[in-house]
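Reading through the structure tokens given below for one structure.
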Amino acid sequence: MTGTGPRRLLGYLGATGSPALFDRPAPLLWMGGAPCIVRRWRGAEPEGQVLAEAEWLALLASGEASPWPLDLPGPGAWWPWVVHRRFGAEIVELERQLGGGLGAWLDRGDGARVLLVDEAAVGFVRGAWSQEAVKRAEIALRRGEADKATHAAEMAWLMAREVSPAHAAVRIGAFLLEGQEGRAAAFRAMVRNSWGAAFADSVEERVLPRVRLAPRPVAPWTEDARASMEAQLHVPRPAERAA
Amino acid sequence: MTTALPVLRTWIDAACEGRQSVAAPVASMVAGLPWVHRSGKRGAPAWLEILRNGRIGAHPTTEAERAAGVERAAYFFLGSGAYPSGLVAFLVGEPLEALPGCCTPIDTGGLLAGRMVQAHGQTVQGPEAVERWQAVRAAIQHARALTRAWVAAHLHDPMDYVRRSLVSEPDVPAIHGLRSPEGLRLAWTVEAQVEADVPLAGSLAVILFARRGLFDSALLDPAIDGAVLALAVVPADEDEYGDADFDRFIAAHIERRLAA
Chain R
1 MTGTGPRRLL GYLGATGSPA LFDRPAPLLW MGGAPCIVRR WRGAEPEGQV
51 LAEAEWLALL ASGEASPWPL DLPGPGAWWP WVVHRRFGAE IVELERQLGG
101 GLGAWLDRGD GARVLLVDEA AVGFVRGAWS QEAVKRAEIA LRRGEADKAT
151 HAAEMAWLMA REVSPAHAAV RIGAFLLEGQ EGRAAAFRAM VRNSWGAAFA
201 DSVEERVLPR VRLAPRPVAP WTEDARASME AQLHVPRPAE RAA
Chain H
1001 MTTALPVLRT WIDAACEGRQ SVAAPVASMV AGLPWVHRSG KRGAPAWLEI
1051 LRNGRIGAHP TTEAERAAGV ERAAYFFLGS GAYPSGLVAF LVGEPLEALP
1101 GCCTPIDTGG LLAGRMVQAH GQTVQGPEAV ERWQAVRAAI QHARALTRAW
1151 VAAHLHDPMD YVRRSLVSEP DVPAIHGLRS PEGLRLAWTV EAQVEADVPL
1201 AGSLAVILFA RRGLFDSALL DPAIDGAVLA LAVVPADEDE YGDADFDRFI
1251 AAHIERRLAA
């Protein structure tokens, strides 16, 4: 629906306690006497799906939505960005870049911060952050720095407006570097299910060499560690060389 | 019992026994439909809880449902995310039909709570709602036979059963004579009320998430089995399928599965 009149935010479709580093849940506005899930903004006009008030209350009761009653700060394409505390000190820089496009913020009880962002003005910041995070994840993967790689890869994946194979590749690489093969497999399957085989194959072309180049650090240097390293680097053992 | 109800009961019985004439495309389409459980229902387990427990729990029903004899239930719609809220959808297959339960070509909760109206707008409540519910109720094992006849009787193009939006009507007014005042399709979509917990193992085909952030919440939860998450699908394009379009995302996914 589209509509005019007073614009009041009721909340957003996101749960308290979610561990996702970044999320972009749809806002719920009170429009024309009913709650409305915003689908998109056309200029300063919201367009979306009207809910019965009982459905909105059911979403709140089931924990799938969170309340944030607030008059919208003014004209703009307002959208909540949920930034988890694991985002770290970089949130200060993010908020600086959002500048006047940051209309309001809420410190949620679980440590996450919800930013109300005018995406018409500063929505591009998200994509730029994501691209920068891909680069940082790639560097960390090459260096075998698992924590940094994981943090940057999550940021790259979740903040991307349009996901590319590079976004998925760094995420898979980070899981593998952390030794989380099960999570890597689930993520790979989700990518294939959602983006299709051609996209998934393109992801695999990017992820595999990178992970081979980033063996997990082993210390102290033992015969087992040497064998493991040689196997990963495909170094022929003396007997094989002689043969 | 109103005079129309025995006729309706006869129609439902004939449909369940496969005595209604159904064209081959309808039968083929219905055979491939998954059952859809959408989260976000008041009092029902949240989707994270479903994933952690490995089952969709049958939860205690409302007072009106208990009065009609339904003590606990997990609800599914066949081939549609007709329940209007919830951002995660669990698509399960035929093993569901071996569990104890029943099916109806209308939303049980809405009918028994007095939220359905007749053609002239009069609400159906109390004992009359229970009577009407019993007139359209069938064993869950007959769900696909009932759906074949239901689709053939109400839609010119069988795929419209999957494609129609949350707010939509069938081509022919529903044989049960009821509709939702808001025009919600749950008034004419086949629903299962399963009276037992539904294990994900062996029955789950797909989990649809409305957005990447929700999938990540599950992926980062150590209590959730990675093998289950390998069945996940998220929207590839957030502009095409946002949270408000989740029912369309579910429909598009089911249509693709049927075409494959």
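From first to last, the protein sequence lines stand for chains R and H. The opening residue of the first sequence carries number 1 in the working numbering; numbering runs sequentially from there. The opening residue of the second sequence carries number 1001 in the working numbering; numbering runs sequentially from there. No residue lacks a Cβ here, since even glycine has one placed at the ideal position from N, Cα and C.
Between the beta-carbon of PRO1181 (chain H) and that of ARG1211 (chain H) there is about 31 angstroms, and that puts the pair past the 8 angstroms contact cut. Apart from the 5 residues on each side of it in sequence, VAL1088 (chain H) sits with its Cβ closer than 6 angstroms to the Cβ of SER1039, TRP1047, PHE1209 in its chain, given in chain order. Interface annotation, VAL1030 (chain H): not in contact with chain R, CB-CB separation never under 8 angstroms.
ALA1227 (chain H) is not a Cβ neighbour of ASP1107 (chain H), given a cutoff of 8 angstroms.
The shortest C-alpha to C-alpha distance from PRO35 (chain R) to any of R:SER18, R:ALA54, R:PRO19, R:ALA128 is the one to R:ALA54. Just so you know, the alpha carbons of LEU21 (chain R) and PRO80 (chain R) end up roughly 14 angstroms apart.
Beta bridge pairing from DSSP links GLU45 (chain R) with R:ARG42. Three or more Cβ pairs closer than 8 angstroms define a contact, and the stretch 1236–1253 of chain H meets that threshold against the stretch 1075–1082 of chain H. Across the stretch 1088–1119 of chain H, no CB contact with chain R closer than 7 angstroms is found for any residue. One thing to note: VAL117 (chain R) has its Cβ within 8 angstroms of the Cβ of LEU98 (chain R).
Among the residues of the stretch 178–199 of chain R, those with a Cβ less than 7 angstroms away from any Cβ of chain H are GLY182, ARG183, ALA185, ALA186, PHE187, ALA189, MET190, ASN193, SER194, TRP195, in the order of the chain. The criterion of a C-beta distance shorter than 8 angstroms is satisfied by LEU1219 (chain H) and ARG183 (chain R). DSSP places PHE1209 (chain H) in the uninterrupted beta strand (DSSP E) bounded by 1204–1209.
Apart from the 5 residues on each side of it in sequence, ARG39 (chain R) sits with its Cβ closer than 7 angstroms to the Cβ of GLU47, GLY48, GLN49 in its chain, given in chain order. For ARG39 (chain R), the nearest CB of chain H lies under 8 angstroms from its own CB, placing it at the interface with that chain. Within the stretch 1063–1151 of chain H, the complete alpha helix (DSSP H) runs of at least 4 residues fall at 1063–1067, 1108–1112, 1126–1136. DSSP links HIS1059 (chain H) through a beta bridge to H:ALA1073.
Think of a sphere of 8 angstroms around the beta carbon of PHE1215 (chain H): the chain R residues whose beta carbon falls inside it are MET190, in chain order.
Sequence-ordered contacts of the stretch 22–33 of chain R with chain H read PHE22, ASP23, ARG24, PRO25, ALA26 [C-beta pairs closer than 8 angstroms]. For SER18 (chain R), the number of other beta carbons within 10 angstroms of its own is at least 16, and it is reported as buried. Distances from the CA of GLY1242 (chain H) to each of R:LEU10, R:ARG206, R:ARG24 were compared; the closest alpha carbon is that of R:ARG24.
Rounded to whole angstroms, HIS1156 (chain H) and THR1104 (chain H) show a C-alpha spacing of 21 angstroms.
Taking a C-beta distance under 8 angstroms as the contact criterion, ALA197 (chain R) and VAL170 (chain R) do not qualify as a contact pair. Residue state for LEU1200 (chain H) is assigned as coil, using DSSP reduced to three classes. In summary, the residues of the stretch 62–87 of chain R whose CB is separated from some CB of chain H by less than 7 angstroms are SER62, GLY63, GLU64, in the order they occur in the chain. For ALA104 (chain R), the uninterrupted beta strand (DSSP E) segment begins and ends at 102–107. Less than 8 angstroms divides the Cβ of ALA149 (chain R) from the Cβ of GLY173 (chain R).
Take the alpha-carbon of VAL1070 (chain H) and the one of PRO1199 (chain H): they are about 20 angstroms apart. Closest in alpha carbon position to ASN1053 (chain H), among H:ILE1224, H:GLY1018, H:GLY1110, is H:ILE1224. In this structure, DSSP gives HIS84 (chain R) a state outside helix and strand, which the three-state scheme calls coil. Counting only residues of its own chain and dropping the five nearest sequence neighbours on each side, LEU1051 (chain H) has a CB closer than 6 angstroms to the CB of ALA1218, ILE1224. Distance from the CA atom of HIS1253 (chain H) to the CA atom of ALA1024 (chain H), rounded to whole angstroms, is 22 angstroms. Residue burial annotation: ARG1164 (chain H) is buried, with at least 16 other C-beta atoms found within 10 angstroms of its C-beta. The continuous alpha helix (DSSP H) containing TYR1161 (chain H) extends over residues 1160–1163. Under the Cβ criterion of 8 angstroms, TRP157 (chain R) is counted among the residues facing chain H.
Closer than 8 angstroms to the CB of LEU13 (chain R) there is at least one CB belonging to chain H.
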